[in-house]
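Asks:
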Amino acid sequence: SLTMFMSGLIANFEYDLKKIIALSTLSQLGLMMSVLALGEMMLSFFHLLMHALFKALLFMCAGCVIHNLNNCQDIRFMGSLVNFMPLTSSFFNICNLSLCGLPFLSGFYSKDLILEFMSMNYINLYIYLIFYLSTGLTVMYSVRLLYYTMMGEYNGMNFMSLSDSGDKMMKSMSGLIIAVIFGGGVMSWLIFPTPYFICLPMMMKLMVILVILMGVNLGYMMTSISFHDLSKTLKFYNFSFFLSSMFNLNYLTTFGTVFYFLKFGEKLNHSIDQGWFEYYGSQHIFYSIKNMSVFMQNLFFNNMKMFLTLFILWICFILF
1 SLTMFMSGLI ANFEYDLKKI IALSTLSQLG LMMSVLALGE MMLSFFHLLM
51 HALFKALLFM CAGCVIHNLN NCQDIRFMGS LVNFMPLTSS FFNICNLSLC
101 GLPFLSGFYS KDLILEFMSM NYINLYIYLI FYLSTGLTVM YSVRLLYYTM
151 MGEYNGMNFM SLSDSGDKMM KSMSGLIIAV IFGGGVMSWL IFPTPYFICL
201 PMMMKLMVIL VILMGVNLGY MMTSISFHDL SKTLKFYNFS FFLSSMFNLN
251 YLTTFGTVFY FLKFGEKLNH SIDQGWFEYY GSQHIFYSIK NMSVFMQNLF
301 FNNMKMFLTL FILWICFILF
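Read in the UniProt record's numbering, the sequence shown has 276 at position 276, and its numbers run on one by one without any break.
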């Protein structure tokens, strides 16, 4: 459950389109594992199927957008894509709304059922808060993503012609969008022939809708956050940096498990492999064999001179 909360929180501070979708996937996987921990295997499997429907289409739409923007993944360089890629943008928006749990889309049937089932159980306040906060954070980063990509002015770095993808891609996406819209109800009838009995007070029944509306409001407020000289949000810059770095998990994992080992390997390679081992190993053997070969070559090429020199020295030794 903490993975679900942490991924949703970090996605609100990301500007990389692929990272936002990847963190969204991680958040939904955390939700599935949390439901599995509550003992509902079929409910977790149902959410897995629903999530696979709209997330597959979401990745396809994101790939089309990145390809059309000349491999640009920063959502700050997007904007007003609905005017250039209307069909892809429509599919993208529907998938995002399904991810938020908008009523009667595929994501609603699994997510609403999970939250209502969780609300019926006798569990502590921490689980309630984590589940509902994670749902609100999902809506927040989805609204923020829609604002940056679909609204406002086009902020792209290039002025290439943007358009929807080819026929093959659009046919695949059209088939998936039908599954995203109608697949939730059909799959719920197939997987659960006997529906879940949900008995909750009116306030608890409306809690999911209230969380979605609150997430929409907070997500729109997140879009107005900017860091410039006169911005009051600079007071929270360090805190936002801490949140966007996965609670410093990036640096702990990078420096703790990668950087220092790579640094040690570099020193080992420089001092040992390219240093002492190289000097006293291959190079030393090479120079020794080379010097011996040169000596033997000189010996064989100058054997007559050496014989005469030794003969003269021997004569001198005998005479004197």
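Don't be surprised by glycine CBs; every beta carbon is placed ideally from N, CA and C.
(1) Given 8 Å as the limit, is there contact between the region 109–117 and the region 17–27, that is, 3 or more CB pairs closer than that?
(2) Counting C-beta neighbours from all protein chains within 10 Å, is the total for K18 16 or more, i.e. buried, or is it exposed?
(3) Does E40 pass the burial test, meaning 16 or more other C-beta atoms within 10 Å, or should it be called exposed?
(4) Tell me the residue span of the alpha helix (DSSP H) that contains C95.
(5) Apart from the five residues on each side of it in sequence, which residues of its chain come closer than 6 Å, Cβ to Cβ, to F92?
(6) Mind reading off the beta-carbon distance from L57 to I177? Whole number of angstroms is fine, and I expect it under 8 Å.
(7) Using only CA atoms, which one of N155, G184, L129 lies nearest to L48?
(8) Check for me: the alpha helix (DSSP H) holding G184 runs from which residue to which?
(9) Which of the three DSSP states is assigned to D112 in this structure?
(10) Could you give the distance in angstroms between the alpha-carbon of S313 and the alpha-carbon of Q297?
(11) Using the beta-carbon count (16 or more within 10 Å), is M150 buried or exposed?
(12) Let me check one thing: in DSSP terms, what residues is D16 bridge-paired to?
(13) Just how far apart, CA to CA, sit G256 and L9?
(14) Does G219 pass the burial test, meaning 16 or more other C-beta atoms within 10 Å, or should it be called exposed?
(15) Determine, using beta carbons only, whether S119 and L200 come nearer to each other than 7 Å.
(16) Go ahead and pull the three-state DSSP assignment for E266.
(17) From P195, L113, F259, S34, pick the residue whose C-alpha is nearest to that of Y126; which is it?
Replies: Let me lay it out:
(1) The region 109–117, when compared against the region 17–27, does not touch it at the 8 Å Cβ threshold.
(2) Your numbering for residue 18 matches position 18 in the sequence shown. It is exposed - the Cβ of K18 has fewer than 16 other Cβ atoms within 10 Å.
(3) Numbered from its first residue, the sequence shown carries residue 40 at position 40. Counting of Cβ neighbours within 10 angstroms places E40 among the buried residues, the total reaching 16 or more.
(4) Start at 1 with the first residue of the sequence shown, and residue 95 comes out as number 95. Membership of C95 in the alpha helix (DSSP H) is indicated by the continuous run 86–100.
(5) If you number the sequence shown from 1, residue 92 lands on position 92. Excluding sequence neighbours, F92 sits near C61.
(6) One-based indexing of the sequence shown puts residue 57 at position 57. One-based indexing of the sequence shown puts residue 177 at position 177. Between L57 and I177 a beta carbon distance of about 6 Å is seen, short of the 8 Å cut, so the two are scored as contacting.
(7) Along the sequence shown, read from residue 1 onward, the residue named residue 48 stands at position 48. Distance from the Cα of L48 is smallest, within the candidate group N155, G184, L129, for G184.
(8) Residue mapping note: residue 184 aligns to position 184 of the sequence shown, counting from 1. 167–191 is the extent of the alpha helix (DSSP H) around G184.
(9) Position 112 of the sequence shown, counted from the start, is the residue given in the question as residue 112. Assignment of D112 by DSSP, reduced to helix, strand and coil, places it in the helix class.
(10) One-based indexing of the sequence shown puts residue 313 at position 313. One-based indexing of the sequence shown puts residue 297 at position 297. A small fix is needed here, since residue 313 is Leu in this sequence, not Ser. So the two alpha carbons sit approximately 23 Å from each other.
(11) Walking along the sequence shown from the start, residue 150 turns up at place 150. With 16 or more Cβ atoms within 10 Å of its Cβ, M150 is classed as buried.
(12) Residue mapping note: residue 16 aligns to position 16 of the sequence shown, counting from 1. DSSP output for D16 lists D74 as bridge partner(s).
(13) Taking the first residue of the sequence shown as position 1, residue 256 is located at position 256. Taking the first residue of the sequence shown as position 1, residue 9 is located at position 9. CA-CA distance, G256 to L9, rounds to 23 Å.
(14) The residue you call residue 219 lines up with position 219 of the sequence shown. Answer is buried; the Cβ neighbour count reaches 16.
(15) Residue mapping note: residue 119 aligns to position 119 of the sequence shown, counting from 1. Residue mapping note: residue 200 aligns to position 200 of the sequence shown, counting from 1. A contact, by the Cβ cut-off of 7 Å.
(16) Counting from one through the sequence shown, the residue named residue 266 turns up at place 266. Helix.
(17) Looking up residue 126 in the sequence shown gives position 126. For Y126, the nearest C-alpha among the options comes from S34.
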